[in-house]
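First the structure, in the form of structure tokens, and then the observations on it.
2 protein chains.
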Amino acid sequence: MTVQSKIKAADTVTKEDLEGLSPQQLRAVFREGRWSGGTEGLARGYAQANLIILPKDVALEFLIFCQRNPQPCPIVEVTDPGSPMITQWAKADLRTDLPRYSVYKEGVLVDQPTDISEYWRDDLVGFLIGCSYSFEQALLNAGIPLRHQDENKIVSVYTTNVQCVPAGRFAGPMVVSMRPVKRDQVVRAVQVTSRFPATHGAPVHIGDPTLIGVDLNRTDFDTGVFELAEDDVPVFWGCGGTPQAVALASKIDFMITHKVGHLFVTDKLSEAVAAI
Amino acid sequence: MTVQSKIKAADTVTKEDLEGLSPQQLRAVFREGRWSGGTEGLARGYAQANLIILPKDVALEFLIFCQRNPQPCPIVEVTDPGSPMITQWAKADLRTDLPRYSVYKEGVLVDQPTDISEYWRDDLVGFLIGCSYSFEQALLNAGIPLRHQDENKIVSVYTTNVQCVPAGRFAGPMVVSMRPVKRDQVVRAVQVTSRFPATHGAPVHIGDPTLIGVDLNRTDFDTGVFELAEDDVPVFWGCGGTPQAVALASKIDFMITHKVGHLFVTDKLSEAVAAI
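As given, the protein sequences belong to chains A and B, one line each in that order.
Sequential numbering of the first sequence, starting at 383, is according to the working numbering.
Sequential numbering of the second sequence, starting at 383, is according to the working numbering.
Structure, rendered in structure tokens:
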């Protein structure tokens, strides 16, 4: 019995069932409502993406905001206004093909459904924004361990005092993820992640967290915190939480995102979209 | 007498007068209407950019088009809708700070002024798109000669049969520039230009022109044609002529661009914005 037929035979599935499935197969499982959990570790090697859906009347400003802040907000695809269809990084329907969503009205979380068909409107535009899962695999491939994976935590995420370049109503501080890197691997970590501009690219800061307004023991998010060893250097990358936080703070009346950790799985191999 | 004071003393200037001027000084000369010629070779080392100004009602679709076609259309900056001010790649006014413009109404060229203040409207959005001058300097630095410079021609530009990924009303074939590269330098040419995604990046095609619908002896533009030697390989890069051609073909009712060869000179060193 293949993995796929095993899946087909079951009403719901476990994360182990999903291992080895292709991005297309995974999106089918999500679409059928048989998996509503996280996507970390699934379809290894394929890029995953953050989702933000906004009304068309703020889409131009939002796209300009992302263009001005490519490290936290690397846009990988934008739908045609009014269309929920992804055509470049996969052939997929944003209303159904993620495992779970967050729906915000007037800046307040109102629902976390597994399907947003009932929320879709013909004035919405979908934005896919690169996710750090891609460069994390590249770090592992280069022999740079990921502490949060080793400790079975979510990567640490912080709000900095570094202001993004504003665009219209979109303004606010950059959100970053932090990974402890051994001092003698910091240069390699910069080189490796620079190859992936579509998934946040190179670090935005290395070393002293206080220079960007971060206290490593206080995250503004529900994420892990690390004990730093003597030879650990904190390395900070732009985080896809930035555009969500900025959009929420701008009091957009309606927004849908992926639920944290429940990302869009693309058909693009991360290595196939590396800069070089 | 410094170069600058020599400039200040003259009503108009020659291209030699402009050599050694900074981007800021050059933009001042353009703003004062004392140079309306081309910008090739000026402010060496600094990125130059193509300009397209469009009405806001098509700006979102145009930006999505560029996002989907990053090699011919690498957006480096977008103005706030209604504003002619560049704030990131320079502090500059798009109405005055280029040497010469082309103004199109209903797809027809109606004027080529040195100042577009009288044409500015509060619904316009300015787009700067990276220009190949940046990676050309990098090719020269790597010992890869540029035939069109050696022969004192404009680089060859062709319309291909490769369709861009469309977005709304924006659709059409990719326009490319071609440079003959010696066979043993082709790999290095790919490596060198890959570092500059903001200025068209890596080639889109190497070798047989017929595979992309190009006859090397027939350009659709007023550009040079090269005799290829036995060991020459034609190498094709995405060209900033693409978004202009696509915007014109889409019958936008109003558009302003730089005049061909009369680009926006930015304050960014090309090497400072290289991918790695």
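Glycine included, C-beta positions come from ideal geometry on N, C-alpha and C.
Small disclaimer: the values here were computed from a predicted structure and weren't measured.
So residue i contacts chain B; which residues on that side make the cut at Cβ distance below 7 Å?
i                 : result
Gln449 of chain A : Ile457, Val460
Where residue i and residue j are concerned, what is the direct C-alpha to C-alpha distance, given to the nearest angstrom?
i                 : j                 : result
Val411 of chain B : Lys641 of chain B : 17 Å
Gly606 of chain A : Leu598 of chain A : 10 Å
Leu442 of chain A : Tyr515 of chain B : 29 Å
Val628 of chain B : Leu445 of chain B : 13 Å
Lys633 of chain B : Glu488 of chain B : 6 Å
Gly508 of chain A : Asp614 of chain B : 45 Å
Thr639 of chain A : Phe636 of chain B : 36 Å
Ile594 of chain A : Val586 of chain A : 10 Å
Lys650 of chain A : Trp471 of chain A : 6 Å
Thr396 of chain B : Val440 of chain A : 46 Å
Pro579 of chain B : Ser499 of chain B : 32 Å
Pro349 of chain B : Ile526 of chain A : Because residue 349 of chain B is not part of the residues shown, which for chain B are 383 to 658, the question remains open.
Glu609 of chain B : His644 of chain B : 27 Å
Thr394 of chain A : Leu424 of chain A : 16 Å
Met467 of chain B : Ser576 of chain B : 30 Å
Lys535 of chain B : Gln453 of chain B : 23 Å
Phe618 of chain B : Asp590 of chain B : 10 Å
Ser652 of chain A : Asn432 of chain A : 15 Å
Lys473 of chain A : Pro625 of chain B : 25 Å
Val492 of chain B : Tyr483 of chain B : 11 Å
Asn523 of chain B : Phe517 of chain B : 10 Å
Pro405 of chain B : Tyr428 of chain B : 8 Å
Asp505 of chain B : Arg529 of chain B : 42 Å
By alpha-carbon positions, which one of the options ends up nearest to residue i?
i                 : options                                : result
Cys546 of chain B : B:Ser538, B:Val557, B:Val537           : B:Val557
Ile457 of chain B : A:Gly420, A:Ile498, A:Gln449           : A:Gln449
Val572 of chain B : A:Ser652, A:Ile658, A:Tyr501           : A:Ile658
Arg565 of chain B : B:Pro555, B:Thr575, B:Ile588           : B:Ile588
Gly583 of chain A : A:Ile434, A:Ala520, A:Pro625           : A:Ala520
Leu436 of chain B : B:Trp502, B:Gln406, B:Pro616, B:His530 : B:Trp502
Asn543 of chain B : B:Gln407, B:Met467, B:Asp602           : B:Asp602
Arg413 of chain A : A:Leu491, A:Phe447, A:Asp497, A:Gln531 : A:Asp497
Gly419 of chain A : A:Leu400, A:Val490, A:Asn534           : A:Leu400
Phe447 of chain B : A:Val460, A:Arg561, A:Arg570           : A:Val460
Gln531 of chain B : B:Arg482, B:Gly464, B:Asp493, B:Arg561 : B:Arg561
Gln407 of chain A : A:Val647, A:Val655, A:Ala654, A:Leu506 : A:Val647
Gln494 of chain A : A:Arg477, A:Asp505, A:Gln430, A:Leu506 : A:Arg477
Ala553 of chain B : B:Thr421, B:Asn451, B:Cys621           : B:Asn451
Pro616 of chain A : A:Ile511, A:Pro463, A:Val539, A:Arg551 : A:Val539
Gly550 of chain B : B:Ala631, B:Gln430, B:Pro481, B:Ser559 : B:Ala631
For the alpha helix (DSSP H) that residue i lies in, which residues bound it at each end?
i                 : result
Phe444 of chain A : 438–450
Pro562 of chain B : Looking at the DSSP string, Pro562 of chain B is not in any alpha helix (DSSP H); the run it does join, the beta strand (DSSP E), is 555–564.
Ser404 of chain A : Here Ser404 of chain A belongs to no alpha helix (DSSP H), and DSSP marks it neither H nor E.
Val574 of chain B : 568–576
Gln519 of chain B : 515–523
Asp649 of chain B : Looking at the DSSP string, Asp649 of chain B is not in any alpha helix (DSSP H); the run it does join, the beta strand (DSSP E), is 646–651.
Gln531 of chain A : 529–532
Assuming residue i is part of the beta strand (DSSP E), what are its boundary residues?
i                 : result
Gly512 of chain B : 506–512
Asp602 of chain A : Careful: Asp602 of chain A lies outside any beta strand (DSSP E) and carries neither H nor E.
Asp493 of chain B : 490–493
Asp635 of chain A : From DSSP, Asp635 of chain A is part of no beta strand (DSSP E); its letter is neither H nor E.
Asp613 of chain B : Counting along the chain, Asp613 of chain B falls outside any beta strand (DSSP E), and DSSP gives it neither H nor E.
Thr542 of chain B : 538–545
Name the chain B residues that come within less than 9 Å of residue i, Cβ to Cβ?
i                 : result
Leu598 of chain A : Ordered by position in chain B, no residue passes the 9 Å Cβ test against Leu598 of chain A, which lies about 28 Å from the chain.
Pro463 of chain A : Leu442, Glu443, Ile446, Gly550
Val547 of chain A : Thr469, Gln470
What does residue i reach in chain B if we use C-beta pairs closer than 8 Å?
i                 : result
Ser576 of chain A : Ala657, Ile658
What residues are listed by DSSP as bridge partners for residue i?
i                 : result
Gly620 of chain B : B:Val558
His640 of chain B : B:Tyr483
Glu459 of chain A : A:Leu510
Asn432 of chain A : A:Ile511
Phe552 of chain A : A:Ala549
Ala474 of chain B : B:Ile468
His587 of chain A : A:Phe618
Any heavy atom of the ligand PLP within a distance shorter than 7 Å of the CB on residue i?
i                 : result
Pro527 of chain A : Absence of the ligand PLP from the depicted structure is noted, as is the absence of any ligand whatsoever, leaving it without description.
Anything in chain A within Cβ reach of residue i, meaning under 8 Å, just list it in chain order.
i                 : result
Val485 of chain B : What Val485 of chain B touches in chain A: nothing, since even the nearest Cβ is about 23 Å away.
Pro579 of chain B : Pro579, Ala657
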